[in-house]
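Take the position in the sequence shown, starting the count at 1, then add 21; the result is the number in this note's numbering.
Note sheet for the following structure.
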Amino acid sequence: GAETGGPLKAIETKIRGARISEHLPRVAAVADKFSLIRTLHSKDPNHDTARYLLHTGYRTDPTVEHPHLGSLVWKELGMTAEGLPGCITIGKDSTVGSGYLPPEMSPLIVEKIENPLEDLKMPPGVNKFRLGDREQLLQAQNRGFAARHDNPRVESQQKAYERAFSLMRSPHLKAFDLSEEPEETRKLYGPGSFGKACLMARRLVEAGVRFVEVSLADWDTHADNFNRSKGLMEQLDPGMAGLLTDLDRRGTLRETLVVWMGEFGRTPKVNGGNGRDHFTRNFCAAVAGGGIAGGRVIGSTNALGTEPVDRPVTVQDLFATIYGQLGVDPNRKYMSQVGRPLKILEGGEPVKELLS
(Lines of atoms letter the chains of each structure in order from A and count residues from 1; the text may use other names and numbers.)
(Lines give C-alpha, C1' and ligand atoms only; values in the text may rest on other atoms or scores of the structure.)
Protein backbone atom coordinates (compact mmCIF):
# COMPACT_ATOMS: atom_id res chain seq x y z
CA GLY A 1 0.00 0.00 0.00
CA ALA A 2 0.88 3.68 0.18
CA GLU A 3 3.55 4.93 2.57
CA THR A 4 0.76 6.66 4.50
CA GLY A 5 -1.07 3.36 5.03
CA GLY A 6 -1.52 1.51 8.31
CA PRO A 7 -2.01 -2.09 9.42
CA LEU A 8 -5.72 -2.26 8.58
CA LYS A 9 -6.61 -3.91 5.29
CA ALA A 10 -8.90 -2.52 2.60
CA ILE A 11 -11.78 -4.55 1.16
CA GLU A 12 -13.81 -4.24 -2.00
CA THR A 13 -17.25 -2.63 -1.96
CA LYS A 14 -20.22 -2.70 -4.29
CA ILE A 15 -18.86 0.53 -5.80
CA ARG A 16 -16.38 -0.32 -8.53
CA GLY A 17 -12.94 1.02 -7.67
CA ALA A 18 -13.85 2.03 -4.11
CA ARG A 19 -12.36 0.13 -1.19
CA ILE A 20 -12.92 0.71 2.53
CA SER A 21 -11.67 -0.68 5.83
CA GLU A 22 -11.91 -4.38 6.54
CA HIS A 23 -13.88 -3.48 9.67
CA LEU A 24 -16.80 -2.13 7.63
CA PRO A 25 -17.90 -5.30 5.79
CA ARG A 26 -21.62 -4.61 6.08
CA VAL A 27 -21.22 -1.05 4.84
CA ALA A 28 -19.17 -2.41 1.92
CA ALA A 29 -22.07 -4.72 1.06
CA VAL A 30 -24.55 -1.83 0.80
CA ALA A 31 -22.23 0.66 -0.90
CA ASP A 32 -24.46 0.63 -3.97
CA LYS A 33 -27.07 2.46 -1.86
CA PHE A 34 -24.84 5.51 -1.20
CA SER A 35 -22.38 7.69 -3.07
CA LEU A 36 -19.02 8.75 -1.73
CA ILE A 37 -17.50 12.24 -1.87
CA ARG A 38 -13.74 11.77 -1.54
CA THR A 39 -12.62 15.38 -1.91
CA LEU A 40 -14.48 17.34 0.75
CA HIS A 41 -12.27 20.06 2.24
CA SER A 42 -12.35 23.05 4.60
CA LYS A 43 -10.06 25.41 6.51
CA ASP A 44 -11.14 24.65 10.09
CA PRO A 45 -8.81 22.19 11.89
CA ASN A 46 -10.24 22.99 15.34
CA HIS A 47 -13.01 20.75 16.68
CA ASP A 48 -15.35 23.51 17.85
CA THR A 49 -15.10 25.72 14.75
CA ALA A 50 -15.21 22.73 12.40
CA ARG A 51 -18.31 21.34 14.11
CA TYR A 52 -19.91 24.76 13.78
CA LEU A 53 -19.11 24.83 10.06
CA LEU A 54 -20.45 21.31 9.46
CA HIS A 55 -23.68 22.12 11.34
CA THR A 56 -24.38 25.56 9.84
CA GLY A 57 -22.54 25.89 6.52
CA TYR A 58 -20.81 28.98 7.91
CA ARG A 59 -17.50 29.64 9.63
CA THR A 60 -17.78 31.16 13.09
CA ASP A 61 -18.50 34.89 13.20
CA PRO A 62 -18.43 36.92 16.44
CA THR A 63 -21.28 39.12 15.19
CA VAL A 64 -23.83 36.40 14.46
CA GLU A 65 -24.89 32.96 15.66
CA HIS A 66 -26.09 30.80 12.78
CA PRO A 67 -28.74 28.13 13.28
CA HIS A 68 -28.23 24.39 13.26
CA LEU A 69 -28.93 22.87 9.84
CA GLY A 70 -31.78 20.89 11.39
CA SER A 71 -33.35 23.99 12.90
CA LEU A 72 -33.39 25.66 9.48
CA VAL A 73 -34.88 22.58 7.85
CA TRP A 74 -37.55 22.55 10.58
CA LYS A 75 -38.29 26.24 10.03
CA GLU A 76 -38.49 25.87 6.25
CA LEU A 77 -40.41 22.61 5.99
CA GLY A 78 -42.64 22.92 9.04
CA MET A 79 -43.65 20.10 11.35
CA THR A 80 -45.78 17.02 10.91
CA ALA A 81 -45.34 15.16 14.23
CA GLU A 82 -47.65 16.65 16.86
CA GLY A 83 -45.74 17.56 20.01
CA LEU A 84 -42.31 16.45 18.83
CA PRO A 85 -39.64 19.02 17.91
CA GLY A 86 -38.59 19.16 14.28
CA CYS A 87 -34.89 18.67 15.05
CA ILE A 88 -33.54 15.98 17.39
CA THR A 89 -29.92 15.09 18.17
CA ILE A 90 -29.22 11.60 19.53
CA GLY A 91 -25.88 11.35 21.29
CA LYS A 92 -23.37 14.10 21.95
CA ASP A 93 -24.63 17.69 21.90
CA SER A 94 -23.13 19.58 18.95
CA THR A 95 -23.49 22.83 21.00
CA VAL A 96 -25.04 24.50 17.94
CA GLY A 97 -28.50 25.87 18.69
CA SER A 98 -31.23 27.73 16.86
CA GLY A 99 -29.05 30.78 16.18
CA TYR A 100 -31.11 33.69 14.85
CA LEU A 101 -34.23 31.50 14.73
CA PRO A 102 -36.56 31.35 17.75
CA PRO A 103 -34.96 29.57 20.76
CA GLU A 104 -37.71 26.95 20.81
CA MET A 105 -36.35 25.68 17.48
CA SER A 106 -33.11 24.47 19.06
CA PRO A 107 -32.43 20.74 18.69
CA LEU A 108 -33.79 18.43 21.37
CA ILE A 109 -30.82 16.51 22.79
CA VAL A 110 -31.35 12.82 23.59
CA GLU A 111 -28.26 11.67 25.48
CA LYS A 112 -29.38 8.34 26.95
CA ILE A 113 -30.43 5.89 24.29
CA GLU A 114 -31.57 3.34 26.88
CA ASN A 115 -33.81 5.83 28.71
CA PRO A 116 -34.41 8.70 26.27
CA LEU A 117 -37.50 10.17 27.96
CA GLU A 118 -36.34 10.03 31.56
CA ASP A 119 -37.15 13.69 32.22
CA LEU A 120 -40.66 13.37 30.78
CA LYS A 121 -41.91 10.92 33.37
CA MET A 122 -44.36 12.41 35.84
CA PRO A 123 -43.42 12.07 39.53
CA PRO A 124 -45.42 9.79 41.84
CA GLY A 125 -48.86 11.16 42.61
CA VAL A 126 -49.07 13.35 39.50
CA ASN A 127 -51.47 12.29 36.74
CA LYS A 128 -52.42 14.09 33.54
CA PHE A 129 -55.23 16.00 35.29
CA ARG A 130 -52.98 17.29 38.05
CA LEU A 131 -50.36 18.13 35.44
CA GLY A 132 -52.98 20.19 33.60
CA ASP A 133 -53.80 22.09 36.78
CA ARG A 134 -50.12 22.83 37.34
CA GLU A 135 -49.76 24.04 33.77
CA GLN A 136 -52.71 26.43 34.14
CA LEU A 137 -51.24 27.82 37.37
CA LEU A 138 -47.86 28.29 35.69
CA GLN A 139 -49.46 30.05 32.72
CA ALA A 140 -51.28 32.47 35.04
CA GLN A 141 -48.05 33.30 36.87
CA ASN A 142 -46.19 33.69 33.59
CA ARG A 143 -48.78 36.09 32.20
CA GLY A 144 -48.44 38.29 35.26
CA PHE A 145 -44.65 38.20 35.12
CA ALA A 146 -44.61 38.97 31.39
CA ALA A 147 -46.91 41.96 31.92
CA ARG A 148 -44.38 43.43 34.36
CA HIS A 149 -41.26 42.56 32.35
CA ASP A 150 -41.27 43.37 28.65
CA ASN A 151 -38.28 41.23 27.68
CA PRO A 152 -37.89 38.72 24.81
CA ARG A 153 -36.18 36.31 27.20
CA VAL A 154 -39.38 36.05 29.20
CA GLU A 155 -41.31 35.00 26.11
CA SER A 156 -38.58 32.51 25.19
CA GLN A 157 -38.78 30.94 28.64
CA GLN A 158 -42.54 30.63 28.35
CA LYS A 159 -42.22 28.95 24.97
CA ALA A 160 -39.70 26.50 26.43
CA TYR A 161 -42.28 25.42 29.01
CA GLU A 162 -44.95 25.16 26.32
CA ARG A 163 -42.63 22.97 24.24
CA ALA A 164 -42.00 20.71 27.24
CA PHE A 165 -45.71 20.28 27.99
CA SER A 166 -46.43 19.64 24.32
CA LEU A 167 -43.72 16.98 24.21
CA MET A 168 -45.12 15.26 27.30
CA ARG A 169 -48.53 15.00 25.63
CA SER A 170 -47.33 14.00 22.17
CA PRO A 171 -49.04 10.93 20.70
CA HIS A 172 -45.74 10.14 18.97
CA LEU A 173 -43.62 9.43 22.06
CA LYS A 174 -43.72 5.74 21.21
CA ALA A 175 -41.28 6.54 18.39
CA PHE A 176 -38.58 6.54 21.09
CA ASP A 177 -39.53 3.00 22.20
CA LEU A 178 -37.38 0.49 20.31
CA SER A 179 -39.08 -2.46 21.99
CA GLU A 180 -41.94 -2.02 19.52
CA GLU A 181 -39.65 -3.14 16.71
CA PRO A 182 -39.45 -6.83 15.71
CA GLU A 183 -36.40 -8.65 17.04
CA GLU A 184 -35.18 -9.23 13.48
CA THR A 185 -35.11 -5.47 12.85
CA ARG A 186 -33.31 -4.72 16.11
CA LYS A 187 -30.67 -7.33 15.24
CA LEU A 188 -30.21 -5.69 11.83
CA TYR A 189 -28.88 -2.54 13.54
CA GLY A 190 -26.59 -4.41 15.93
CA PRO A 191 -26.41 -4.45 19.74
CA GLY A 192 -24.50 -1.19 20.23
CA SER A 193 -25.80 2.23 21.23
CA PHE A 194 -25.03 3.70 17.81
CA GLY A 195 -27.12 1.08 16.04
CA LYS A 196 -29.98 1.63 18.46
CA ALA A 197 -29.71 5.38 17.86
CA CYS A 198 -29.94 4.82 14.09
CA LEU A 199 -33.07 2.71 14.58
CA MET A 200 -34.57 5.39 16.80
CA ALA A 201 -33.76 7.98 14.12
CA ARG A 202 -35.66 5.93 11.54
CA ARG A 203 -38.68 5.70 13.86
CA LEU A 204 -38.60 9.45 14.58
CA VAL A 205 -38.41 10.35 10.89
CA GLU A 206 -41.35 8.06 10.17
CA ALA A 207 -43.26 9.78 12.97
CA GLY A 208 -42.74 13.11 11.19
CA VAL A 209 -39.58 14.60 12.70
CA ARG A 210 -37.91 16.59 9.92
CA PHE A 211 -34.27 16.23 10.95
CA VAL A 212 -32.49 13.70 13.18
CA GLU A 213 -28.77 13.76 13.91
CA VAL A 214 -27.01 10.68 15.33
CA SER A 215 -23.49 11.10 16.68
CA LEU A 216 -20.77 8.56 17.42
CA ALA A 217 -18.01 10.18 19.48
CA ASP A 218 -14.32 9.42 20.22
CA TRP A 219 -12.86 9.56 16.71
CA ASP A 220 -10.13 11.97 17.86
CA THR A 221 -7.45 9.31 17.53
CA HIS A 222 -4.22 11.24 18.01
CA ALA A 223 -2.82 8.09 19.64
CA ASP A 224 -3.47 4.37 19.13
CA ASN A 225 -5.53 5.17 16.05
CA PHE A 226 -5.84 1.68 14.61
CA ASN A 227 -7.06 -0.12 17.72
CA ARG A 228 -9.46 2.67 18.61
CA SER A 229 -10.78 3.00 15.06
CA LYS A 230 -11.40 -0.75 14.92
CA GLY A 231 -13.70 -0.55 17.94
CA LEU A 232 -15.53 2.47 16.57
CA MET A 233 -16.04 0.89 13.17
CA GLU A 234 -17.45 -2.24 14.78
CA GLN A 235 -20.16 -0.01 16.27
CA LEU A 236 -20.67 2.02 13.11
CA ASP A 237 -20.81 -0.86 10.64
CA PRO A 238 -24.10 -2.54 11.67
CA GLY A 239 -25.77 0.77 12.50
CA MET A 240 -25.06 2.48 9.20
CA ALA A 241 -25.62 -0.59 7.05
CA GLY A 242 -28.73 -1.50 9.03
CA LEU A 243 -30.24 1.94 8.55
CA LEU A 244 -29.74 1.96 4.78
CA THR A 245 -30.98 -1.63 4.43
CA ASP A 246 -34.03 -1.00 6.60
CA LEU A 247 -35.01 2.23 4.84
CA ASP A 248 -34.60 0.53 1.47
CA ARG A 249 -36.75 -2.45 2.49
CA ARG A 250 -39.48 -0.16 3.77
CA GLY A 251 -39.46 1.87 0.56
CA THR A 252 -38.56 5.10 2.38
CA LEU A 253 -34.90 5.52 1.41
CA ARG A 254 -35.84 7.44 -1.72
CA GLU A 255 -37.59 10.08 0.41
CA THR A 256 -35.11 10.11 3.30
CA LEU A 257 -31.77 11.90 2.88
CA VAL A 258 -28.92 10.28 4.82
CA VAL A 259 -25.59 12.10 5.23
CA TRP A 260 -22.64 10.45 6.99
CA MET A 261 -19.58 12.57 7.83
CA GLY A 262 -17.33 14.05 10.50
CA GLU A 263 -16.10 17.59 11.02
CA PHE A 264 -12.79 16.84 9.25
CA GLY A 265 -10.53 13.94 8.36
CA ARG A 266 -7.34 12.51 9.85
CA THR A 267 -3.81 12.98 8.57
CA PRO A 268 -2.62 10.46 6.00
CA LYS A 269 0.72 10.40 7.82
CA VAL A 270 0.81 8.39 11.05
CA ASN A 271 2.31 10.34 13.97
CA GLY A 272 4.78 9.16 16.61
CA GLY A 273 1.98 7.95 18.87
CA ASN A 274 0.64 5.60 16.20
CA GLY A 275 -2.21 8.03 15.69
CA ARG A 276 -3.55 10.38 13.07
CA ASP A 277 -4.08 14.11 13.63
CA HIS A 278 -6.63 16.64 12.32
CA PHE A 279 -6.73 17.02 8.54
CA THR A 280 -8.94 19.40 6.58
CA ARG A 281 -7.41 19.45 3.10
CA ASN A 282 -9.15 16.24 2.12
CA PHE A 283 -11.84 14.11 3.79
CA CYS A 284 -14.94 12.13 2.89
CA ALA A 285 -18.72 12.15 3.18
CA ALA A 286 -21.25 9.51 2.17
CA VAL A 287 -24.71 10.55 0.94
CA ALA A 288 -27.72 8.31 0.31
CA GLY A 289 -31.44 8.46 -0.40
CA GLY A 290 -33.52 11.56 -0.98
CA GLY A 291 -32.97 11.55 -4.74
CA ILE A 292 -29.23 10.88 -4.48
CA ALA A 293 -27.83 8.27 -6.85
CA GLY A 294 -26.13 5.29 -5.26
CA GLY A 295 -22.85 3.64 -6.16
CA ARG A 296 -20.97 6.72 -7.33
CA VAL A 297 -17.59 8.14 -6.31
CA ILE A 298 -17.07 11.89 -6.56
CA GLY A 299 -13.52 13.22 -6.84
CA SER A 300 -10.07 11.72 -6.52
CA THR A 301 -6.88 12.52 -4.62
CA ASN A 302 -3.17 12.10 -5.17
CA ALA A 303 -1.58 8.75 -4.36
CA LEU A 304 -0.94 9.69 -0.72
CA GLY A 305 -4.43 11.05 -0.12
CA THR A 306 -3.09 14.44 0.90
CA GLU A 307 -4.66 16.65 -1.79
CA PRO A 308 -7.69 16.57 -4.10
CA VAL A 309 -6.67 16.34 -7.75
CA ASP A 310 -10.13 16.07 -9.31
CA ARG A 311 -13.53 17.58 -8.38
CA PRO A 312 -12.83 19.21 -4.99
CA VAL A 313 -16.05 19.76 -3.00
CA THR A 314 -16.50 22.49 -0.39
CA VAL A 315 -18.67 22.24 2.71
CA GLN A 316 -20.90 24.88 1.12
CA ASP A 317 -21.29 22.66 -1.97
CA LEU A 318 -22.42 19.81 0.27
CA PHE A 319 -24.91 22.08 2.06
CA ALA A 320 -26.23 23.38 -1.27
CA THR A 321 -26.83 19.76 -2.27
CA ILE A 322 -28.61 18.96 1.00
CA TYR A 323 -30.84 22.03 0.83
CA GLY A 324 -31.63 21.41 -2.82
CA GLN A 325 -32.70 17.82 -2.19
CA LEU A 326 -34.87 18.89 0.75
CA GLY A 327 -36.58 21.65 -1.23
CA VAL A 328 -35.06 24.50 0.77
CA ASP A 329 -34.05 27.68 -1.08
CA PRO A 330 -30.51 28.51 0.14
CA ASN A 331 -30.93 32.12 -1.04
CA ARG A 332 -33.82 32.80 1.32
CA LYS A 333 -32.89 35.44 3.89
CA TYR A 334 -33.51 35.70 7.63
CA MET A 335 -32.75 38.59 9.95
CA SER A 336 -29.76 37.98 12.22
CA GLN A 337 -29.48 38.97 15.87
CA VAL A 338 -27.89 42.28 14.86
CA GLY A 339 -30.56 43.14 12.31
CA ARG A 340 -28.59 42.07 9.24
CA PRO A 341 -30.31 39.95 6.56
CA LEU A 342 -28.45 36.68 6.00
CA LYS A 343 -28.91 33.99 3.39
CA ILE A 344 -29.55 30.46 4.57
CA LEU A 345 -26.33 29.61 2.72
CA GLU A 346 -23.68 31.87 1.23
CA GLY A 347 -22.00 30.33 -1.80
CA GLY A 348 -21.80 26.72 -2.81
CA GLU A 349 -23.18 24.79 -5.78
CA PRO A 350 -25.02 21.46 -5.66
CA VAL A 351 -22.85 18.46 -6.47
CA LYS A 352 -24.75 17.49 -9.60
CA GLU A 353 -22.83 14.24 -10.03
CA LEU A 354 -24.68 12.95 -6.96
CA LEU A 355 -28.13 13.47 -8.38
CA SER A 356 -30.04 10.53 -9.80
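Backbone N, C-alpha and C fix where the C-beta goes; we use that ideal spot for every residue, glycine too.
A quick note: this is a predicted structure, and the numbers were derived from the prediction, not measured.
Query, Result
"Same chain only: Cβ atoms within 6 Å of L278, ignoring 5 sequence neighbours per side", "G310, G311 and Q346"
"Which listed residue (R231, E374 and I343) has its alpha carbon closest to that of W95", "R231"
"T322 (DSSP reduced to helix, strand or coil)", "strand"
"Segments of 4+ residues assigned as alpha helix (DSSP H) that fall wholly inside the segment 186-239", "204-209 and 214-228"
"Coarse secondary structure for A49, derived from DSSP in three states", "helix"
"Proximity of P106 and L122 at Cβ, strictly below 9 Å", "no"
"Those runs of the beta strand (DSSP E) which lie wholly inside the segment 275-309 and span at least 3 residues", "279-282 and 304-309"
"Three-pair Cβ contact test at 8 Å for the segment 34-50 versus the segment 302-322", "yes"
"Backbone CA spacing between S191 and G104 [nearest angstrom]", "4 Å"
"Rounded separation between D171 and V85 - CA only", "24 Å"
"Cα-Cα separation, T116 to M221", "21 Å"
"Per-residue burial, N136 [other beta carbons within 10 Å of its own, 16 or more giving buried]", "exposed"
"Backbone secondary structure at M444 - three-state DSSP", "Since the first residue shown for the chain is 22 and the last is 377, residue 444 is missing from the structure and cannot be characterised."
"A17: first and last residue of the uninterrupted alpha helix (DSSP H) it sits in", "No information on residue 17 is available, as it lies outside the stretch 22 to 377 that the chain covers here."
"Cβ-based neighbour list, Y182, same chain, cut-off 7 Å, excluding 5 preceding and 5 following", "L159"
"Contacts around V330, its chain only, beta-carbon distance under 7 Å, and the 5 residues preceding and following it disregarded", "S321, T322 and N323"
"Whole-angstrom distance between L253 and D239, CA atom to CA atom", "8 Å"
"Coarse secondary structure for K364, derived from DSSP in three states", "strand"
"Among R59, T60 and I41, nearest to V51 - alpha-carbon criterion", "I41"
"Distance between T101 and V308 (C-alpha atoms, nearest Å)", "24 Å"
"First through last residue of the alpha helix (DSSP H) which encompasses I32", "Premise fails: I32 lies in the beta strand (DSSP E), A31 to E33, not in any alpha helix (DSSP H)."
"Cβ-heavy atom distance, L199 to the ligand MN, below 8 Å", "Absence of the ligand MN from the depicted structure is noted, as is the absence of any ligand whatsoever, leaving it without description."
"T110 - containing beta strand (DSSP E), residue span", "C108 to I111"
"Sequence ranges, beta strand (DSSP E) only - wholly within the segment 79-141, length at least 3", "108-111 and 129-131"
"Range of the contiguous alpha helix (DSSP H) that encloses V372", "Run containing V372: none; DSSP gives neither H nor E here."
"Rounded straight-line distance, which links the Cα of G78 to that of D338", "9 Å"
"Inter-residue Cα distance where the pair is F300 and D245", "17 Å"
"C-alpha gap between G283 and F166, whole angstroms", "44 Å"
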